[in-house]
Amino acid sequence: MARASFSPCPHCNAALVYLEGAAGSTMAPKCPRCKVEISVARATFLMADHSRPAAKPIPRAKLVP
Ligand SMILES: [Zn+2]
């Protein structure tokens, strides 16, 4: 069964939906925005996440200036 998780693209920070085991899944899916391959642990299909408003992503590792 397909499993969905939500994460930003590690390259361009676009909001993405990771669908594990979905039709068209691959081990090196490409980000729909920046077209860079993202390495995944399981075959995954990438989709742009339009379910959330286009808020600015919060940088997790850059909270300290
Ligand atoms: Zn990207």
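Once you know that position 4 of the sequence shown is 3 in numbering that gives the first Met the number 0, the rest is easy, because the numbers rise by one and skip nothing.
By construction, the Cβ of each residue, glycine as well, lies at the ideal position given by its N, Cα and C atoms.
- Between ligand 1 and V35, a heavy atom-to-CB distance of less than 7 Å is present.
- In the DSSP annotation of this structure, the continuous segment of the beta strand (DSSP E) that includes R2 starts and ends at R2 to P7.
- In this chain, the beta strand (DSSP E) harbouring A14 covers A14 to E19.
- If you compare the alpha carbons of A47, D48 and V39 with that of E19, the shortest gap goes to V39.
- The three-state secondary structure of K29, taken from DSSP, is strand.
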